[in-house]
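Report on the structure given below.
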Amino acid sequence: MLRVLSIVGTRPNFIKVGALHHAFSRHPQIESVLVHTGQHYDRAMSEVFFEQLRLPEPDRYLGIGSGSHATQTARIMTALEPVLQEEAPDVVVVVGDVNSTLAATLVAVKLHIPVAHIEAGLRSGDRTMPEEINRLATDAIADRLYVTEQSGLDHLQREGVPEDRVVFAGNVMIDSLERFRHEASATGTVAGFGLEHKPYVLMTMHRPATVDHEQPLGRLAETIEGITTHAPVVFPIHPRTRQRLQAFGLLDRLDALDTLHLTEPVGYLEFLDLMQNAAAVVTDSGGVQEETTALGVPCLTLRPNTERPVTVDIGTNVLLPLAPDQITKHMEEALAGQWKQGQVPPLWDGHAAERIAADLVTHYDD
Ligand code: UD1
Ligand code: UDP
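Start counting the sequence shown at 6; every next residue gets the next number (the numbering used here).
Rendered as structure tokens:
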């Protein structure tokens with residue numbers, strides 16, 4: 006038996022590890038152990054995903070919570086070290102690019118436990134993003150690197166990673182999407198907002214570069230005001246964004262807009278239903294860029310770069326600056342049905358986690 010310990014901490018991690026745990030627990034040679042760092046802890050940011058994705062209660066909950074980068078990373082490391090010693094896994098699986106990913110990788114590697122990184126090789130080229138540092142550092146010391154798109158293979162090759170440590174496995178985020186999209190339709194979420202058969206826009210924003218500073222956040226508010234004159238907008242607000250909107254006095258201004266539906270973060274199934282029926286999505290999320298490409302829904306990403314270029318090159322994603330006029334012009338095109346068609350990238354087929362499970366067993370089970 007191969008004892009595989011997966012680390013989760015944040016909302017996107019639950020969706021990715023949901024697919025992996027599903028595949029691991031169906032594999033006869035894998036024993037799956039789950040550790041939740043507690044980086045995200047609100048019910049709407051954590052528990053609801055365990056329920057909807059049918060993840061079992063984590064075997065260990067570290068309860069780390071929020072803090073500065075150094076504090077959060079250090080707390081996770083200190084709490085995780087004895088847990089890994091006690092659980093003694095054969096391999097630790099980390100996903101994505103959050104602080105929990107890097108902290109767990111550092112601890113495991115120094116205990117001589119091999120680390121498999123899912124979603125390796127992605128690079129935005131922007132070292133002011135905390136996620137870019139997490140990606141670079143994790144890939145530099147992890148043992149086995151599972152890649153979602155060609156750019157990941159190219160970056161790892163350029164960084165000198167030996168080819169035999171890299172596997173092009175596909176995208177586990179899309180495994181969950183394929184598994185749950187019909188269940189999502191049954192939630193009736195779109196109808197609940199009174200938007201059935203109506204063109205509407207779905208929005209998510211949470212990157213520090215946009216939401217932590219008054220000027221870009223003000224431009225975002227202006228952008229939302231502009232879009233609501235063309236179509237209703239549904240905006241489930243990430244806790245970081247809610248805090249900043251409140252701090253800069255922008256929340257009341259948005260609250261006053263009749264055709265803007267401001268909500269708490271919604272569950273995975275509800276979000277999937279909103280996404281698959283949207284006329285367009287406006288975001289700075291990593292996962293949402295991929296999900297909209299898989300669904301063929303127009304995506305306007307308000308960022309100067311992306312670590313997921315395949316969504317722009319062959320998918321439905323477009324990068325735009327935080328310039329309200331330019332965004333409104335693109336939005337008008339999306340609402341008029343004048344958007345590029347897009348293709349689903351290779352191996353985003355709903356079976357990535359099965360391929361990873363099989364490879365882990367072949368590689369690590371003696
Ligand atoms: C983190 C990840 C980011 C990822 C995002 C997914 C890092 C560096 N960032 O960003 O890459 O895209 O998760 O959503 O790991 N908060 C709550 N309740 C919660 C969680 C957070 O109120 O359950 C608030 C806290 O005030 C906290 C702030 O949100 O300080 C930010 O949380 P944090 O986990 O540090 O970063 P995210 O912005 O969520
Ligand atoms: N999501 C959700 N509810 C929401 C907003 C997002 O379930 O209110 C899901 C969505 O499927 C998205 C995923 O959470 O792809 C990833 O979350 P997030 O955007 O927070 O993280 P990122 O992918 O940017 O790291």
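Beta carbons: idealized from backbone N, C-alpha and C, even for Gly.
Tell me the DSSP secondary structure of residue i in three-state form.
i	result
THR268	strand
HIS74	helix
PHE198	coil
ASN322	strand
ILE118	coil
SER11	strand
PHE253	coil
MET210	coil
GLN283	For the sequence presented, residue 283 should be read as Ala rather than Gln. Coil at ALA283, not helix or strand.
GLU168	helix
TYR369	helix
ILE1	There is no way to answer for residue 1, as the model of the chain reaches only from 6 to 371.
GLU36	strand
THR333	helix
PRO241	strand
ARG186	helix
ARG313	coil
Rounded to the nearest angstrom, what separates residue i and residue j at their Cα positions?
i	j	result
SER51	TYR369	30 Å
TYR66	ALA79	16 Å
VAL38	PRO87	15 Å
THR153	ALA174	6 Å
PRO63	VAL100	16 Å
THR288	ASP371	44 Å
PHE240	PRO94	40 Å
GLY14	PHE55	12 Å
GLN220	MET210	15 Å
ARG48	ALA252	23 Å
THR268	GLU337	24 Å
HIS356	HIS122	17 Å
LYS334	LYS203	20 Å
VAL98	GLU201	40 Å
THR233	GLY165	48 Å
ASP159	GLY126	8 Å
GLU359	PHE29	8 Å
GLY195	PRO119	Looking at the sequence shown, residue 195 is not Gly but Val. Rounded to the nearest angstrom, the two C-alpha atoms are 44 Å apart.
Cβ of residue i within 8 Å of any heavy atom in the ligand UDP?
i	result
PRO119	no
PRO241	yes
MET178	yes
ILE232	no
ILE20	yes
MET280	yes
THR209	yes
PRO270	yes
PHE198	no
VAL293	yes
TYR205	no
PHE276	yes
PHE55	no
Which whole-angstrom value is the C-beta distance of residue i and residue j, which I expect to be below 8 Å?
i	j	result
VAL216	ARG258	Their Cβ separation, rounded to whole angstroms, is 15 Å, which puts VAL216 and ARG258 out of contact at 8 Å.
VAL40	ILE12	5 Å
LEU7	LEU365	6 Å
GLY326	PRO303	A quick correction: the sequence has Pro, not Gly, at residue 326. Not really, about 17 Å apart at Cβ, beyond 8 Å.
THR298	PRO350	7 Å
GLY347	ILE319	7 Å
ARG170	ARG149	6 Å
Go through the residues and name those whose CB comes closer than 7 Å to any heavy atom of the ligand UD1, in chain order.
-> THR15, ARG16, PRO17, GLN44, HIS45, TYR46, ASP47, MET50, SER51, SER71, HIS74, GLN77, ASP102, VAL103, ASN104, SER105, PRO135, GLU136, ASN139, HIS211, PRO213, HIS243, PRO244, ARG245, GLN248, SER290, GLY291
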